[in-house]
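Student:
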Amino acid sequence: MKKFVKLFTVTLLIVSIFASLAVSSSALPINDDMTDSYNYSYFGTQLSAPEAYRTAEVLNYADLGLGSDFAPVDLLVKGDYLYVVDAGNNQIVILDKQYQVVTTVSDLRNSEEYEIPDVIRTVINEAGEEVADSAMLAANRYQFNSPQGIFVDDAGLIYVADTGNRRIVVCNTDGEVFNVVQGVEVSVLGDTYIFQPTKIIVDAAGGINVLATGVNRGIMVFDDDGTFRQFTGAPNVSVNAVEWFWRLLATEEQKANMTRYVPTEYSNITVDARGFTYATIGTLDYTAYQAVAGTTDSTSDSGSPVKRLSGSGVDMLRRTGRFAIVGDIYYVGNSSPRVVDVCVTDSDIYTLLDQNSGRLFTYGPDGDLLYIGGGYGSQYGRFQSANSIATRDDDVIVSDASTNTLTVFELTDYAKTINNAIVAHNSGNYDEAENLWSEVLSYNSGLYMAYIGMGKAEMRKASDSTLSADESLAHYETALEYFRNANETTNYSKAFKELQNRAMTENFGFIAAGFVIIVAGCIFLYYFHKARKKKKLKAERGGNS
Numbered sequence: 031m032k033k034f035v036k037l038f039t040v041t042l043l044i045v046s047i048f049a050s051l052a053v054s055s056s057a058l059p060i061n062d063d064m065t066d067s068y069n070y071s072y073f074g075t076q077l078s079a080p081e082a083y084r085t086a087e088v089l090n091y092a093d094l095g096l097g098s099d100f101a102p103v104d105l106l107v108k109g110d111y112l113y114v115v116d117a118g119n120n121q122i123v124i125l126d127k128q129y130q131v132v133t134t135v136s137d138l139r140n141s142e143e144y145e146i147p148d149v150i151r152t153v154i155n156e157a158g159e160e161v162a163d164s165a166m167l168a169a170n171r172y173q174f175n176s177p178q179g180i181f182v183d184d185a186g187l188i189y190v191a192d193t194g195n196r197r198i199v200v201c202n203t204d205g206e207v208f209n210v211v212q213g214v215e216v217s218v219l220g221d222t223y224i225f226q227p228t229k230i231i232v233d234a235a236g237g238i239n240v241l242a243t244g245v246n247r248g249i250m251v252f253d254d255d256g257t258f259r260q261f262t263g264a265p266n267v268s269v270n271a272v273e274w275f276w277r278l279l280a281t282e283e284q285k286a287n288m289t290r291y292v293p294t295e296y297s298n299i300t301v302d303a304r305g306f307t308y309a310t311i312g313t314l315d316y317t318a319y320q321a322v323a324g325t326t327d328s329t330s331d332s333g334s335p336v337k338r339l340s341g342s343g344v345d346m347l348r349r350t351g352r353f354a355i356v357g358d359i360y361y362v363g364n365s366s367p368r369v370v371d372v373c374v375t376d377s378d379i380y381t382l383l384d385q386n387s388g389r390l391f392t393y394g395p396d397g398d399l400l401y402i403g404g405g406y407g408s409q410y411g412r413f414q415s416a417n418s419i420a421t422r423d424d425d426v427i428v429s430d431a432s433t434n435t436l437t438v439f440e441l442t443d444y445a446k447t448i449n450n451a452i453v454a455h456n457s458g459n460y461d462e463a464e465n466l467w468s469e470v471l472s473y474n475s476g477l478y479m480a481y482i483g484m485g486k487a488e489m490r491k492a493s494d495s496t497l498s499a500d501e502s503l504a505h506y507e508t509a510l511e512y513f514r515n516a517n518e519t520t521n522y523s524k525a526f527k528e529l530q531n532r533a534m535t536e537n538f539g540f541i542a543a544g545f546v547i548i549v550a551g552c553i554f555l556y557y558f559h560k561a562r563k564k565k566k567l568k569a570e571r572g573g574n575s
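Quick note on numbering: the sequence shown equals residues 31 to 575 in our numbering.
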């Protein structure tokens with residue numbers, strides 16, 4: 031009997047899993063015919079949209095006057111300069127606003143107060159013994175070795191994740207070195223752990239935040255002397271239904287041989303103007319995306335490839351948009367997005383770079399998808415393996431690991447107007463914001479976000495305490511109309527509730543008077559009918575006598 035029950039339970043589980051997979055895949059429409067310029071309607075339908083990114087130029091090693099081994103892997107804009115990590119030529123390339131090379135940093139030298147230590151050429155083996163590492167025999171302390179990440183602080187100091195040399199180098203544009211962090215000790219990673227930093231930022235407190243190969247516990251934070259401080263912002267564990275099912279049926283020996291369920295690794299980090307860390311996860315699997323893509327569950331960070339982390343590691347990214355922040359909300363089969371980098375403007379408008387599709391997805395501060403650009407392919411302005419993104423003024427720069435090029439995009443007037451509308455709203459210039467959103471509609475009448483933006487502006491204006499009651503009500507009524515045009519129910523309900531409350535407050539005297547009249551009328555009718563009934567009963571008794 032027990033065997034029968036177990037067999038019956040397993041059969042039901044198999045049927046339910048494959049049925050759910052079939053439903054999920056059939057619900058994902060093929061998007062091979064998507065154009066470069068598109069967006070999604072409020073109901074998730076793909077719509078054509080005006081061009082948001084215009085390709086200005088594509089630069090290769092020859093255009094930049096660099097060696098043919100040019101291999102850009104990380105980009106950073108600081109002030110007037112674009113910093114490019116060139117892993118192929120083992121150097122940092124610095125470009126001006128015209129994308130001309132100002133200088134390169136490749137040869138390192140001691141500064142007056144600091145002598146560059148030799149690279150660490152040994153490792154600890156499984157037996158706990160310190161042995162020579164053949165991979166480090168040719169390492170040169172005065173050169174970079176396949177660097178992968180960069181950060182520049184306000185003083186102009188350059189922090190380089192010198193991955194191949196297993197260290198962090200702090201230097202200036204002349205190659206003078208002021209600090210090296212290497213041979214870090216992190217007890218939870220064990221004695222055999224080899225430190226290979228890949229991406230780096232420095233937080234407001236001076237902590238060196240690092241992503242490193244093989245570390246999936248979050249972002250590593252070090253003091254400037256290399257002392258490990260903590261892990262922060264650990265990504266959530268993701269286990270799909272099929273893996274869970276097979277683990278349920280597995281023997282203890284089989285479970286021991288299975289991959290352990292551990293958090294996934296971040297793919298990149300950057301910091302915004304307020305000191306928040308934006309981190310992307312490029313290793314989320316298909317099922318994690320599938321759980322949220324195309325749904326209106328935009329508030330959950332489950333399956334989200336981007337986070338905005340506070341100093342304590344709490345995700346502060348606002349997710350009040352219509353759809354989850356995952357890039358394309360529909361995709362084919364298991365070709366889910368692979369978000370490898372993010373760039374953010376001073377107005378909290380950020381862009382995700384999806385390596386699989388080659389697309390750029392730009393979001394507003396609340397998580398609304400504003401516009402899309404790029405694409406996969408060998409054509410001008412498309413990518414085969416996009417790996418890093420940066421923004422400067424109205425330019426967006428993307429590097430491609432396959433073609434070893436830098437593509438410079440210029441925002442079109444359409445995209446600029448959207449950005450300006452958001453900036454105006456966040457600055458409290460609601461009339462200007464509403465006018466700009468109206469201008470956006472002249473470019474793209476199908477962008478529901480424009481109506482929502484106009485509605486939010488009207489809501490803000492309605493809350494102005496200096497307005498008369500009639501003026502405030504008029505703004506709420508206008509907001510209702512905009513939200514109705516956008517088919518947006520959440521803000522519509524808020525506006526309607528406020529309209530009701532204001533109407534109640536404005537007409538409280540009439541409502542109260544009406545209530546008193548109704549109550550008095552009810553009391554009068556009660557006693558009137560009671561008196562008539564009493565009189566009738568008295569008359570009936572008199573007739574009987």
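Backbone N, C-alpha and C fix where the C-beta goes; we use that ideal spot for every residue, glycine too.
As an exercise, report each continuous beta strand (DSSP E) stretch of at least 3 residues that is fully enclosed by the region 368–408, in chain order.
Tutor: Listed in chain order, they are 369–374, 380–384, 389–393 and 399–404.
Student: Considering just the uninterrupted stretch of the beta strand (DSSP E) at residue 337, what are its terminal residues?
Tutor: 336–339 is the extent of the beta strand (DSSP E) around residue 337.
Student: I'd like to check one pair, residue 392 with residue 421: are the Cβ atoms closer than 7 angstroms?
Tutor: Contact flag unset, no.
Student: What's the C-alpha gap between residue 567 and residue 551?
Tutor: About 24 angstroms.
Student: Enumerated in chain order, which unbroken segments of the alpha helix (DSSP H) with a length of 4 residues or greater are wholly contained in the region 211–258?
Tutor: You should have found no qualifying run.
Student: Given a threshold of 16 other Cβ atoms within 10 Å of its Cβ, counted over all protein chains shown, does residue 371 qualify as buried or as exposed?
Tutor: Burial call: buried.
Student: Could you check if residue 304 is buried or exposed, using at least 16 other CB atoms within 10 Å of its CB as the buried criterion?
Tutor: Classification of residue 304: exposed, given that the 10 Å Cβ count is below 16.
Student: Does residue 127 come out as helix, strand or coil in the three-state DSSP assignment?
Tutor: Looking at residue 127 - three-state DSSP - the assignment turns out to be coil, as it is neither helix nor strand.
Student: So for residue 202, helix, strand or coil by DSSP?
Tutor: Here residue 202 sits in coil by DSSP.
Student: For a test of the three-state rule: what should DSSP assign to residue 308, helix, strand or coil?
Tutor: Of the three classes helix, strand and coil, the one that applies to residue 308 here is strand, per DSSP.
Student: At the level of alpha carbons, what is the spacing between residue 354 and residue 394?
Tutor: The straight-line gap from Cα to Cα measures roughly 13 angstroms.
Student: Taking contact to mean 3 or more Cβ pairs, one atom from each stretch, closer than 8 angstroms, check whether the region 134–150 and the region 428–448 are in contact.
Tutor: Because the criterion of three Cβ pairs below 8 angstroms is not met, the region 134–150 and the region 428–448 do not touch.
Student: Residues in the same chain with beta-carbon distance under 8 angstroms from residue 397, minus the five sequence neighbours each way, listed in chain order, please.
Tutor: Answer for residue 397: 328, 347, 348, 349, 350, 351 and 355, listed in chain order.
Student: Take the Cβ of residue 557 as the centre, count every other Cβ of all protein chains shown within 10 Å, and call the residue buried at 16 or more, exposed below.
Tutor: Burial call: exposed.
Student: Buried or exposed, going by whether 16 or more other CB atoms sit within 10 Å of the CB of residue 139?
Tutor: Exposed: under 16 other Cβ atoms inside 10 Å.
Student: Report yes or no: do three or more beta-carbon pairs, one from the region 97–109 and one from the region 179–188, lie closer than 8 angstroms?
Tutor: Contact holds: three or more Cβ-Cβ distances are below 8 angstroms.
Student: Anyone know if the C-beta pair for residue 451 and residue 407 falls short of 7 angstroms?
Tutor: In this structure, residue 407 does not lie closer than 7 angstroms to residue 451 by Cβ.
Student: Within the chosen definition, does the region 198–206 reach the region 147–155 through at least 3 CB pairs nearer than 8 angstroms?
Tutor: Segments in contact, no.
Student: Under 7 angstroms between the Cβ atoms of residue 98 and residue 208?
Tutor: It is not a contact, given that the beta carbons lie outside the stated cut-off.
Student: Can you check whether the CB of residue 177 is closer than 7 angstroms to the CB of residue 117?
Tutor: Yes.
Student: Taking DSSP as the reference, what is the three-state secondary structure of residue 141?
Tutor: Note: residue 141 maps to strand in three-state DSSP.
Student: CA-CA distance, residue 248 and residue 217?
Tutor: Approximately 15 angstroms, taken between the alpha carbons.
Student: Please report the straight-line C-alpha distance between residue 367 and residue 388, rounded to a whole angstrom.
Tutor: For residue 367 and residue 388, the distance between alpha carbons rounds to 9 angstroms.
Student: Taking just the CA atoms, how far does residue 302 sit from residue 378?
Tutor: One C-alpha to the other measures close to 8 angstroms.
Student: Assuming contact is defined by CB atoms lying nearer than 7 angstroms, are residue 243 and residue 222 in contact in what I supplied?
Tutor: No, they are not a contact pair.
Student: Answer yes if the region 118–125 comes into contact with the region 446–462, meaning at least three C-beta pairs across the two stretches below 8 angstroms, and no otherwise.
Tutor: Contact fails: fewer than three Cβ-Cβ distances are below 8 angstroms.
Student: Sort out for me which residues DSSP pairs residue 179 with in a bridge.
Tutor: 191.
Student: Is the beta carbon of residue 295 less than 7 angstroms from the beta carbon of residue 239?
Tutor: For residue 295 and residue 239, no; Cβs fall outside 7 angstroms.
Student: So what's residue 197 in DSSP terms, helix, strand or just coil?
Tutor: In the structure shown, residue 197 sits in a strand (DSSP, three-state: E or B).
Student: Thinking just about the alpha-carbon of each residue, which of 438, 358, 415 and 173 is nearest to the one in residue 425?
Tutor: Ranking 438, 358, 415 and 173 by Cα distance to residue 425 puts 438 first.
Student: To the nearest angstrom, how far is it from the Cα of residue 192 to the Cα of residue 175?
Tutor: Computed Cα separation, rounded: 6 angstroms.
Student: Give the DSSP-derived three-state secondary structure of residue 557 in the structure shown.
Tutor: Reduced to three states, the DSSP call for residue 557 is helix.
Student: Grouping DSSP H, G and I as helix and E and B as strand, with all else coil, what is residue 508?
Tutor: DSSP places residue 508 in helix when its eight states are reduced to three.
Student: Can you pull the DSSP bridge partners for residue 121?
Tutor: In DSSP, residue 121 forms a bridge with 116.
Student: Buried or exposed for residue 170, please, with buried defined as at least 16 other CB atoms from any protein chain shown within 10 angstroms of its CB.
Tutor: So residue 170 ends up on the exposed side.
Student: Would you mind sorting residue 335 into buried or exposed? The rule is 16 or more other CB atoms within 10 Å of its CB.
Tutor: Buried: at least 16 other Cβ atoms inside 10 Å.
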